[in-house]
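Before any comments, here is the structure.
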Ligand SMILES: Nc1ncnc2c1ncn2[C@@H]1O[C@H](COP(=O)(O)OP(=O)(O)OP(=O)(O)O)[C@@H](O)[C@H]1O
Ligand SMILES: [Mg+2]
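Protein chains in written order, with this note's numbering: chain S, 1 to 239; chain W, 1 to 423.
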């Protein structure tokens with residue numbers, strides 16, 4: 001059984017009474033331990049798809065299973081619990097808490113978890129070290145650089161030992177050097193720690209860090225293939 | 001609360017409080033303005049409880065000072081409620097009535113009786129002048145007040161019979177007219193009539209709602225005939241031998257006066273009889289009306305304060321849509337979000353409550369100080385019960401819960417996606 005099974009997913013928004021079909025039937029599986037990049041032009045429905053895969057938003061029709069079960073099989077509280085325990089999110093805009101330091105931002109998911117408080121510190125430090133931010137613990141997030149913010153957001157996604165990390169354009173707002181560092185971090189998490197990573201990007205050189213690329217255009221899958229040859233981590237960023 | 005405890009992700013209350021406190025700290029001045037209504041409401045409650053209780057005790061004390069054996073017969077019918085103190089003025093109590101009420105054939109028991117008249121007048125001694133109240137009575141009056149001159153003596157029944165031009169003066173009157181010099185034996189002028197000071201009362205403060213230090217007491221005959229030139233009395237005080245006899249005496253007085261005045265319909269009475277018990281009942285109802293009024297004011301202020309809290313929490317919920325979305329996206333349940341915002345509003349209102357209690361206590365103390373020092377009510381006690389503190393905090397917390405619930409529910413209903421997309 002694949003970790004994620006998407007069958008004929010459709011999503012229709014009712015935008016000011018006019019139905020807008022953003023996803024027009026998508027089918028694919030994602031195995032545990034995979035590093036998948038989802039590519040497509042702006043407005044093609046990438047974020048929408050990611051939110052459905054991550055149980056943040058229900059699909060209009062079709063099925064989307066995580067560990068063999070869909071969003072509709074759970075109560076709202078159970079879904080919150082699954083998002084907290086099994087999934088880590090890195091959002092398109094960093095979505096860190098302002099006026100709050102790095103440490104407390106990373107702690108956030110633990111507050112809503114059932115982990116005993118005495119384990120928190122070790123988990124937070126482990127996640128912060130994994131993204132190399134241990135020298136900025138007390139910094140308020142508003143005083144960090146864009147790349148640093150994104151790394152804090154990744155640490156927050158890691159802190160509760162999620163199985164899957166959903167990352168929506170984690171390098172979108174970054175210069176090429178910071179982007180490369182983020183991608184290296186994600187690659188390490190995938191290869192050395194076994195995280196399943198689903199990443200959205202519209203840049204080919206970013207997508208090539210993944211093992212598999214799903215291209216979508218206009219709400220439909222255009223191609224879905226394995227990346228043959230892995231590029232050097234910095235390739236493509238140095239233009 | 002049981003819902004929170006039963007929540008599947010066991011909610012951690014301490015982190016939740018920390019989150020809420022942080023949320024408030026980031027908007028300090030707004031939070032401060034928001035709780036103003038709560039501060040005022042709780043302050044009002046505290047002051048109602050403390051001053052209201054103090055005032056009631058004080059007034060009851062004054063009435064008790066009259067003694068439970070004392071009755072007062074006054075002209076005119078009984079005032080009907082608060083707005084009817086302008087009783088029908090009559091001259092229905094004269095010597096004839098005094099004589100009838102002194103007669104054991106009419107009124108049971110062996111009672112003492114004191115006709116009573118009063119007059120507002122200017123008193124002078126040399127160049128010193130003051131306006132004051134002149135009470136015309138006899139010895140019984142001093143017994144009821146329970147004071148004795150500290151210098152000189154009280155006038156006698158012979159003085160009363162002979163309409164002697166003598167006076168016993170309060171300590172303030174002495175101070176005003178004579179300063180430090182001797183007053184006994186001096187002649188003061190009231191309405192151009194010379195009156196000899198034969199006694200000075202010690203500082204006594206307020207008794208029976210009169211500041212004894214400010215008044216002059218003279219034989220009732222002198223005040224009535226010499227100073228005022230009238231033949232009626234303002235009251236006739238009667239002291240029974242025992243408290244148990246009072247109700248029977250009241251009946252006897254009514255029967256006697258009705259017969260004398262040819263009254264068959266009690267509604268047409270041209271007099272009324274007051275006892276300490278009656279007075280206490282009236283004061284009790286007056287203070288409970290006042291307390292109700294003040295509680296209404298406090299309630300309105302708390303309502304306004306609560307709406308202010310609700311308003312500001314709704315603004316806060318809208319402003320923090322992204323934060324709420326994020327929290328839900330990473331695993332916060334509805335209950336978590338509800339409790340976060342509820343804790344915020346309860347912290348706000350409890351803070352307001354504590355400030356209100358402190359300010360209320362300070363005002364209560366100040367007002368009590370004023371009443372004691374400047375109003376002459378020496379028996380005023382600073383009254384500040386722990387129950388008022390508990391009530392203040394409890395009411396504040398309840399306001400926070402009630403008015404925080406709607407904004408908190410609004411916050412919890414936000415879908416994480418809508419919230420994260422919100423700009
Ligand atoms: N709540 C909504 N109501 C109506 N339309 C929506 C809503 N959310 C998204 N859309 C529309 O759905 C389409 C797909 O949006 P989505 O955010 O998935 O695009 P995307 O591929 O992530 O784009 P980008 O690369 O710019 O982030 C867009 O046209 C967007 O306007
Ligand atoms: Mg997007």
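Backbone N, C-alpha and C define an ideal beta-carbon position, used for all residues, glycine too.
Since the model is a prediction, treat every value here as computed from it, not as a measurement.
*Report whether the distance from the Cβ of residue 29 (chain S) to the nearest heavy atom of ligand 2 is below 8 Å.*
No - ligand 2 has no heavy atom lying nearer than 8 Å to the Cβ of residue 29 (chain S).
*Between which two residues does the alpha helix (DSSP H) carrying residue 153 (chain S) extend?*
From DSSP, the alpha helix (DSSP H) with residue 153 (chain S) extends over 146-158.
*Around ligand 2, what residues have a beta-carbon under 7 Å from a heavy atom of it, in chain order?*
Selection around ligand 2 by beta-carbon proximity, strictly under 7 Å to any non-hydrogen atom, yields S:46, S:47, S:92, S:168, S:169 and S:200 in chain order.
*For residue 272 (chain W), name the three-state secondary structure that DSSP assigns.*
Taken through DSSP and simplified to helix, strand or coil, residue 272 (chain W) comes out as strand.
*asked:* Excluding the 5 residues flanking residue 301 (chain W) on each side, which residues of the same chain have their C-beta closer than 7 Å to its C-beta?
replied: The beta carbon of residue 301 (chain W) sits closer than 7 Å to those of 37, 40, 41 and 44, all from its chain and outside the five residues before and after it, given in chain order.
*Can residue 364 (chain W) and residue 47 (chain W) be called in contact, C-beta distance under 9 Å?*
Yes. Within cutoff.
*asked:* Give me, in chain order, the residues of the same chain whose beta-carbon lies closer than 7 Å to that of residue 226 (chain S); leave out the 5 immediate sequence neighbours on both sides.
replied: Only 211 and 212 meet the Cβ criterion.
*Taking one C-beta from the stretch 249-258 of chain W and one from the stretch 187-203 of chain W each time, how about it: are there three or more such pairs within less than 8 Å?*
Touching, no, given that fewer than three Cβ pairs across the two stretches are closer than 8 Å.
*residue 413 (chain W) versus chain S: which residues are under 9 Å apart at the beta carbon?*
Those within 9 Å of residue 413 (chain W) in chain S number zero; the least Cβ separation is about 11 Å.
*Closer than 8 Å: is that where the CB of residue 44 (chain S) sits relative to any heavy atom of ligand 1?*
True, at least one ligand heavy atom lies under 8 Å from that Cβ.
*Bridge partners - residue 220 (chain S), DSSP secondary structure assignment*: Paired residue(s): S:217.
*Sort W:311, W:297, W:330 and W:284 by Cα distance to residue 56 (chain W) and report the nearest one.*
Comparing C-alpha distances from residue 56 (chain W) to each of W:311, W:297, W:330 and W:284 shows the shortest one belongs to W:284.
_I'd like to confirm the pairing. Which residues does DSSP put opposite residue 89 (chain S) in its beta bridges?_
Per DSSP, S:166.
*From W:221, W:18 and W:58, pick the residue whose C-alpha is nearest to that of residue 134 (chain W); which is it?*
Of W:221, W:18 and W:58, the residue nearest in Cα terms is W:221.
*Return the CA-CA distance between residue 86 (chain W) and residue 74 (chain W), expressed in angstroms with no decimal places.*
Because residue 86 (chain W) sits at a pLDDT of 49, beneath the cut-off of 50, its placement in the model cannot be relied upon, and the point is left open.
*Measure the CB-CB distance between residue 131 (chain S) and residue 111 (chain S) and report whether it falls below 9 Å.*
No, the pair does not count as a contact, with Cβ atoms beyond the cut-off.
*Contacts that residue 76 (chain S) makes with chain W (C-beta to C-beta distance below 8 Å)*: Residues of chain W passing the Cβ test: 333 and 334.
*Can you name the residues of chain W whose CB is closer than 7 Å to the CB of residue 99 (chain S)?*
Here the neighbours are 26.
*For residue 165 (chain S), which of S:147, S:199 and S:144 has the nearest alpha-carbon?*
Residue S:199 holds the alpha-carbon nearest to the alpha-carbon of residue 165 (chain S) among S:147, S:199 and S:144.
*Helix, strand or coil at residue 355 (chain W) according to DSSP, with G and I counted as helix*: Of the three classes helix, strand and coil, the one that applies to residue 355 (chain W) here is helix, per DSSP.
*Starting from the Cα of residue 337 (chain W), find the closest Cα among W:154, W:159, W:413 and W:288 and give me that residue.*
Of the candidates W:154, W:159, W:413 and W:288, the one whose C-alpha sits nearest the C-alpha of residue 337 (chain W) is W:413.
*Looking only at C-alpha atoms, which of W:104, W:105, W:113 and W:108 sits nearest to residue 95 (chain W)?*
Comparing alpha-carbon positions, the option among W:104, W:105, W:113 and W:108 lying closest to residue 95 (chain W) turns out to be W:113.
*Decide if residue 109 (chain S) is buried, meaning its Cβ has at least 16 other Cβ atoms within 10 Å, or exposed.*
Counting Cβ neighbours within 10 Å, residue 109 (chain S) comes out buried, since at least 16 surround it.
*Report, in whole angstroms, the separation of the C-beta atoms of residue 52 (chain W) and residue 368 (chain W), which I expect to be a contact under 8 Å.*
The pair is not a contact, with the Cβ atoms about 12 Å apart (cut-off 8 Å).
*Is residue 36 (chain S) near ligand 1, judged by its Cβ being under 8 Å from some heavy atom?*
With a cutoff of 8 Å, residue 36 (chain S) does not count as near ligand 1, since its C-beta is closer than that to no heavy atom of the ligand.
*chain S contact residues for residue 329 (chain W), given Cβ-Cβ distances below 7 Å*: Within chain S, the residues near residue 329 (chain W) are 56, 83 and 89.
*Buried or exposed by the 16-neighbour rule on C-beta atoms within 10 Å, applied to residue 289 (chain W)*: That one is exposed.
_As assigned by DSSP and simplified to three states, the class of residue 122 (chain W)_ = Here residue 122 (chain W) sits in strand by DSSP.
*Using a Cβ-Cβ cut-off of 9 Å, state whether residue 17 (chain W) counts as contacting chain S.*
Among the CB atoms of chain S, none fall inside 9 Å of the CB of residue 17 (chain W).
*Report the rounded CA-to-CA distance for residue 41 (chain S) versus residue 13 (chain W), giving the unit in angstroms.*
When rounded, the distance between both Cα atoms is 44 Å.
*Out of curiosity, what's the CA-to-CA distance linking residue 185 (chain W) and residue 362 (chain W)?*
Between residue 185 (chain W) and residue 362 (chain W), the C-alpha separation is close to 47 Å.
*Own chain, CB closer than 7 Å to residue 148 (chain S), minus 5 neighbours either side, in chain order*: Hits under 7 Å: 133 and 136.
*Below 7 Å CB to CB, which residues in the same chain sit around residue 5 (chain S) once its five sequence neighbours on both sides are set aside?*
Closer than 7 Å at the Cβ level, and outside the excluded window around residue 5 (chain S), lie 29 and 65.
_Sufficient close CB pairs (3 or more, under 8 Å) joining the stretch 59-77 of chain W to the stretch 239-248 of chain W_ = Under the Cβ criterion (8 Å, minimum of three pairs), the stretch 59-77 of chain W counts as touching the stretch 239-248 of chain W.
*residue 20 (chain S) by DSSP, collapsed to three states: which one?*
Three-state result, residue 20 (chain S): strand.
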